[in-house]
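S.K.: Dumping the structure here so I can ask a few things about it.
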Ligand code: G
Ligand code: G
Ligand code: MN
Ligand code: NA
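In UniProt numbering, the protein residues as written are 653 to 908.
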């Protein structure tokens with residue numbers, strides 16, 4: 653309860669921060685954008701990892717205002733960097749919880765944030781886990797269709813770790829598969845199947861006309877294997893950890 657009050661307080665005092673991890677285009681090797689990842693610098697407990705407060709925020713409903721803050725700040729920052737770079741487009745990815753999708757006015761919230769920040773819809777990607785697709789309700793589908801109609805990119809995060817069937821992939825207007833890092837991790841492995849699963853996901857994405865983003869690349873060998881497979885985009889410590897805004901801005905200006 654104390655942590656819940658602290659989090660509420662941090663949100664009200666604008667004390668949360670975003671870190672940004674670059675997304676690399678594997679064709680050009682350029683930084684084309686970032687994934688925004690929330691951080692909580694706690695006054696006495698130090699930096700609290702999202703894994704230690706997102707579940708609390710979800711359980712208490714705080715994720716709704718918190719998620720809106722993240723969306724707003726990420727869009728505001730994207731517009732600022734893009735403007736500083738002479739209008740070079742920047743793709744910003746934001747993680748969205750099921751609890752946020754469950755809000756009937758979620759699409760309106762997104763529209764409002766785009767208007768407030770001047771962010772172009774086609775520069776924003778919303779990442780959701782397969783759990784959103786597993787909640788196979790009409791309301792959910794309608795929500796995704798409305799978001800898609802705004803011109804946003806919709807991505808499935810941690811793809812391959814949930815239970816979404818291929819049928820769901822056709823039913824929902826998904827643009828991008830983010831290949832979970834557990835698959836990427838095994839790319840250096842020697843066991844049969846270590847590369848086959850990743851290869852299959854990349855092919856699946858291609859055949860459905862979806863972009864593929866590999867997560868968690870840490871070694872050159874993994875990068876080389878993914879390039880060979882034709883994976884389009886990449887993130888991971890090999891390129892950069894999630895970094896504070898000032899550093900991310902420099903990475904974007906340098907382009908690499
Ligand atoms: O940033 P890593 O640094 O530790 O993130 C851990 C987990 O927290 C990831 O699964 C990531 O998707 C999630 N996460 C990070 N930022 C956000 C956010 O703003 N909203 C939601 N819903 N999840 C987030
Ligand atoms: O679930 P999601 O993909 O949003 O989670 C992003 C999480 O993955 C963040 O915690 C981020 O710090 C972490 N991450 C990003 N790149 C790497 C990597 O190369 N290796 C590892 N181990 N974690 C990574
Ligand atoms: Mn993510
Ligand atoms: Na992920």
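Heads up, the beta-carbon is just placed ideally off N, CA and C, and yes, glycines get one too.
Residue 657: beta carbon under 7 Å from a heavy atom of ligand 2?
M.R.: no
S.K.: Do you know offhand how far residue 657's Cα is from residue 860's?
M.R.: 45 Å
S.K.: Distance cutoff 8 Å, beta carbons only. Does residue 653 sit that close to anything in chain D?
M.R.: Of the protein chains in this structure there is only one, and it is not chain D.
S.K.: Closer than 7 Å to a non-hydrogen atom of ligand 3 - does that hold for the CB of residue 710?
M.R.: no
S.K.: Counting only the same chain and skipping the five closest in sequence on each side, list residues whose C-beta sits under 6 Å from that of residue 898.
M.R.: none
S.K.: Tell me the DSSP secondary structure of residue 822 in three-state form.
M.R.: helix
S.K.: Is the stretch 807 to 816 touching the stretch 773 to 791 in the sense that three or more CB pairs, one from each, lie closer than 8 Å?
M.R.: yes
S.K.: Please classify residue 771 as buried or exposed, where buried requires at least 16 other C-beta atoms within 10 Å of its C-beta.
M.R.: buried
S.K.: With distances taken from CA atoms, which of 851, 798 and 726 is nearest residue 826?
M.R.: 798
S.K.: Any chance you could list the beta strand (DSSP E) runs of at least 3 consecutive residues sitting entirely within the stretch 772 to 839, in chain order?
M.R.: Segments of the beta strand (DSSP E) lying fully in the stretch 772 to 839: 776 to 780, 805 to 811 and 828 to 831.
S.K.: When you compare the CB positions of residue 672 and residue 654, do they come within less than 8 Å of one another, or not?
M.R.: no
S.K.: Given a cut-off of 8 Å, decide if residue 745 and residue 710 are closer than it, judged by their beta-carbon atoms.
M.R.: no
S.K.: Just to confirm my understanding: we take residue 904, look at its own chain, exclude 5 residues before and 5 after, and list those with CB closer than 7 Å. What are they?
M.R.: If we look at residue 904 and ignore the five residues flanking it on each side, its Cβ neighbours are 683, 733, 737 and 742.
S.K.: Taking residue 891 and residue 853 to be in contact with their CB atoms under 8 Å, please state how far apart those CB atoms are, rounded to whole angstroms.
M.R.: That belief does not hold up - the Cβ atoms of residue 891 and residue 853 are roughly 20 Å apart, past 8 Å.
S.K.: Taking just the CA atoms, how far does residue 877 sit from residue 747?
M.R.: The alpha-carbon of residue 747 is positioned some 27 Å away from that of residue 877.
S.K.: What residue from 782, 717, 864 and 695 has the CA that sits closest to residue 678's CA?
M.R.: Among 782, 717, 864 and 695, the Cα nearest to that of residue 678 belongs to 864.
S.K.: Taking residue 764 as the reference, which of 723, 782, 707 and 706 has the closest Cα?
M.R.: Considering only alpha carbons, the answer is 723.
S.K.: State the beta-bridge partners of residue 677 as determined by DSSP.
M.R.: 885
S.K.: Please state whether DSSP places residue 706 in a helix, a strand or coil.
M.R.: Of the three classes helix, strand and coil, the one that applies to residue 706 here is helix, per DSSP.
S.K.: Could you name the residues that DSSP lists as bridge partners for residue 747?
M.R.: 779
S.K.: Tell me which residues share the same chain as residue 783 and place their Cβ nearer than 6 Å to its Cβ, disregarding the 5 neighbours each side in the sequence.
M.R.: 750
S.K.: Please list, following the chain, all residues that have a C-beta closer than 6 Å to any non-hydrogen atom of ligand 3.
M.R.: 687, 747, 779 and 809
S.K.: Start and end of the beta strand (DSSP E) containing residue 770?
M.R.: First-last for residue 770: undefined, no H or E at that position.
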